[in-house]
Structures are given as structure tokens and as C-alpha cells.
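Notes follow once the structure below has been shown.
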Amino acid sequence: MGRFSQCCFAAALALISFGGIGLGIGMAGSLAVEGIARQPEAAGLISEFMLNYVLIPQLSLAFVLTVISLLMLHNKRKHMHCD
Numbered sequence: 015m016g017r018f019s020q021c022c023f024a025a026a027l028a029l030i031s032f033g034g035i036g037l038g039i040g041m042a043g044s045l046a047v048e049g050i051a052r053q054p055e056a057a058g059l060i061s062e063f064m065l066n067y068v069l070i071p072q073l074s075l076a077f078v079l080t081v082i083s084l085l086m087l088h089n090k091r092k093h094m095h096c097d
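Here it is in C-alpha cells:
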């Protein structure tokens with residue numbers, strides 16, 4: 015396997031992690047809705063918890079993984095002189 019193929023494979027693995035991020039946000043969201051349905055008076059606390067401890071960290075992780083993947087592809091392409 016060539017160096018460019020290895021780099022593309024590593025970038026693809028980083029991008030596959032978006033599936034895990036989506037799964038985590040989906041599960042947390044469904045359980046938050048279930049918790050609000052069981053205790054409507056706790057809706058504010060549950061929503062605040064979801065925002066602060068689930069959505070913001072997950073979305074920042076997605077952004078970091080995107081940047082890492084793009085940097086890996088860009089650096090490898092620059093070193094191979096592919097234009």
C-alpha cells in the first residue's frame with residue numbers, strides 16, 4: 015500500500031468516526047426527550063445538560079476530526095507533488 019493510500023485510509027477512518035458522533039447525539043437526544051416526557055418540570059435542567067455536556071463536546075470533536083482529516087490529505091498531497 016502506497017503512502018498516499020495509507021494517508022487516505024487514515025483520513026477515512028477519522029471521518030468514519032462521524033457515525034459514532036451521530037449515534038451518540040441521537041441516543042442522548044432520545045433519552046433526553048424520554049426524561050422530559052417522564053418529568054416535564056425537569057425540562058430546563060435536561061436541556062441545559064444536553065447542550066453543555068453532549069452537543070458542544072460532540073460537535074467540537076467533529077470539527078477537530080474534520081480539520082485533522084483535511085490536514086492529513088493536504089500534507090500528503092503537498093509532499094507527493096500532485097497537482
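Residue 15 is where the sequence shown starts when you use my numbering, and the numbers rise one by one after that. Beta carbons are placed, not taken as given, at the ideal position from N, Cα and C, and that holds for glycine. It should be emphasised that the depicted structure is a prediction, and the values quoted were computed from it without experimental measurement.
Asked                                                                                         : Found
Leu73 vs Ser31 beta-carbon contact at 7 Å                                                     : no
Per-residue DSSP class, three states only, for Gln72                                          : helix
For Ala56, the first and last residue of its enclosing alpha helix (DSSP H)                   : Ala56 -> no alpha helix (DSSP H), and no H or E assigned at all.
contact_flag[the segment 18 to 31, the segment 82 to 90] where n(CB pairs < 8 Å) is 3 or more : yes
Ala46 and Ile60 closer than 7 Å at C-beta                                                     : yes
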